[in-house]
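Enquirer:
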Ligand code: PMV
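Numbering (the working numbering), first residue to last: 5 to 331.
1) Are the region 102-116 and the region 36-46 touching, with three or more C-beta to C-beta distances below 8 angstroms?
2) Is the region 85-94 touching the region 291-299 in the sense that three or more CB pairs, one from each, lie closer than 8 angstroms?
3) Helix, strand or coil: which one does DSSP assign to residue 245?
4) Does DSSP put residue 311 in a helix, a strand or coil?
5) Comparing C-alpha positions only, which one of 284, 176 and 199 sits nearest to residue 304?
6) Could you say which of 16, 168 and 170 lies nearest to residue 319 if we only look at CA atoms?
7) Expressed to the nearest angstrom, what Euclidean distance is found between the alpha-carbon atoms of residue 28 and residue 300?
8) Got a sec, what are the start and stop residues for the beta strand (DSSP E) residue 182 sits in?
9) When every heavy atom of ligand 1 is checked, does at least one fall within less than 8 angstroms of the C-beta of residue 24?
10) Using the rule of at least 16 other Cβ atoms within 10 Å of the residue's Cβ for burial, across every protein chain shown, is residue 169 buried or exposed?
11) Can you give me the Cβ contacts of residue 25 inside the same chain, cut-off strictly under 8 angstroms, excluding the 5 residues immediately before and after it?
12) How long is the line joining the alpha carbons of residue 311 and residue 231, rounded to whole angstroms?
13) Is residue 155 near residue 78, with beta carbons less than 9 angstroms apart?
14) Where are the alpha helix (DSSP H) runs, 4 residues long or more, that stay fully inside the region 254-295, in chain order?
15) For residue 238, collect the residues of the same chain with a Cβ closer than 8 angstroms to its Cβ; drop the 5 residues on either side in sequence, then sort them by chain order.
16) Label residue 182 either buried or exposed according to how many other C-beta atoms from any shown protein chain fall within 10 Å of its C-beta, with 16 as the threshold for buried.
17) Does DSSP put residue 92 in a helix, in a strand, or in coil?
18) Since residue 43 sits in a beta bridge, which residues does DSSP pair it with?
19) Less than 8 angstroms separating the Cβ of residue 287 from some heavy atom of ligand 1?
20) Checking the sheet assignment: what are the DSSP bridge partners for residue 19?
21) Cα separation between residue 117 and residue 234?
22) Can you give me the C-alpha to C-alpha distance between residue 167 and residue 60, rounded to a whole angstrom?
23) DSSP beta-bridge partners for residue 317?
24) According to DSSP, is residue 137 part of a helix, a strand, or is it coil?
25) Under the criterion of a Cβ to heavy atom distance below 8 angstroms, does residue 201 qualify as lining ligand 1?
26) Counting C-beta neighbours from all protein chains within 10 Å, is the total for residue 226 16 or more, i.e. buried, or is it exposed?
27) Excluding the 5 residues flanking residue 325 on each side, which residues of the same chain have their C-beta closer than 6 angstroms to its C-beta?
28) Would you list the residues sitting across from residue 49 in a DSSP beta bridge?
29) Check whether the Cβ atoms of residue 173 and residue 191 sit closer than 9 angstroms, and answer yes or no.
30) Within the same chain, show all residues whose beta-carbon is closer than 8 angstroms to that of residue 76, passing over the 5 residues directly before and after it, in chain order.
31) Nearest CA to the CA of residue 272: which residue from 21, 186 and 194?
32) Taking the runs of the beta strand (DSSP E) that are 3 residues or longer, which of them lie wholly in the region 112-170?
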């Protein structure tokens, strides 16, 4: 036995400008740039390389095999790639991951898990110090979740496909934002985001969604920089609904939202009508995230907690730390 072990943590991130669909000429690249906020919830992943052992993956106490879906296969692929790169072919990689947020509900558990697994695997193999940024991004992308790349950084993060390669950059804002993530459905989604990305171009609305990205990124970036929460809220909600319009009109269609999801959207519209700046955003799942100023978060949280559809509210401010090795 010669165990080499590392544990890494990464934040979940919620997209204000969404990555949905892949580039026309390269399915490994996103169709458009995206921008997200890192949250305080995250995933903690430990990778241990053990001589003579088999590869294994346990997520939230559940053993996952390489045949359990595309993301599982990608996670085993990541472990194998890192093991081989370190010349540890006769070692087995044993990975365990715990998430603060429910899995498979559009709460970015796979983004946080993918970023934490990438760092933990590299650190366990002794490769982290000599891994370049480009190599780190490529390896993290191989987990099957491009949104995982944004979890490598804290704060407000932009992901761009630049001339065939992926690049991260950071943005600033004077806003003190809180995100109230509302659990309205505990069952995992039926259509994976990987399957959804592959279907995005079948929607007649996809060309407009793809073409709007640059303008939306510029407007969201400016609203953040100016600290204009009213403008930001309007843009963020419009962006989420535009992505869901693409999902709903893909063939076959994808309906991630439930009645409870739309109830939260309507509740937030009513809160806005009372003069509180807030908006909803929604990723590939039924659980909405409500964005508001931290100074008004208690009041917004009270409204959300009183709604019968909302099973739990997870509250977070902006997380400044990106993925990092904890031991
Ligand atoms: O890269 P994936 O498969 O995790 O895609 C996630 C895409 C959305 O969460 C729906 C939007 C986004 O930009 O995070």
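The beta-carbon is built from N, C-alpha and C at its ideal position, and this holds for glycine as well.
Expert: With the given structure in hand:
1) yes
2) no
3) Secondary structure of residue 245 (DSSP, three-state): helix.
4) coil
5) 284
6) 16
7) Each residue's CA atom was taken as its position, placing residue 28 and residue 300 some 42 angstroms apart.
8) 181-187
9) Taking 8 angstroms as the cut-off, the C-beta of residue 24 counts as close to a heavy atom of ligand 1.
10) exposed
11) 34, 35, 36, 201, 204, 205, 210, 213, 214 and 250
12) 29 angstroms
13) no
14) As far as the region 254-295 is concerned, its whole alpha helix (DSSP H) runs of at least 4 residues are 263-277.
15) Here residue 238 has 283 as same chain residues with Cβ atoms under 8 angstroms from its own Cβ, once five neighbours each way along the sequence are excluded.
16) Buried is the call here.
17) coil
18) 322
19) yes
20) 40
21) 32 angstroms
22) Approximately 36 angstroms, taken between the alpha carbons.
23) Within the DSSP bridge table, the entry for residue 317 names 186 as partners.
24) In this structure, residue 137 counts as helix in the three-state DSSP scheme.
25) yes
26) Taking every protein chain shown into account, the CB of residue 226 has fewer than 16 other CB atoms within 10 angstroms, so this residue is exposed.
27) 158
28) 12 and 101
29) Not a contact, by the Cβ cut-off of 9 angstroms.
30) 61, 68, 69 and 70
31) It is 186 whose Cα lies nearest to the Cα of residue 272.
32) Segments of the beta strand (DSSP E) lying fully in the region 112-170: 160-166.
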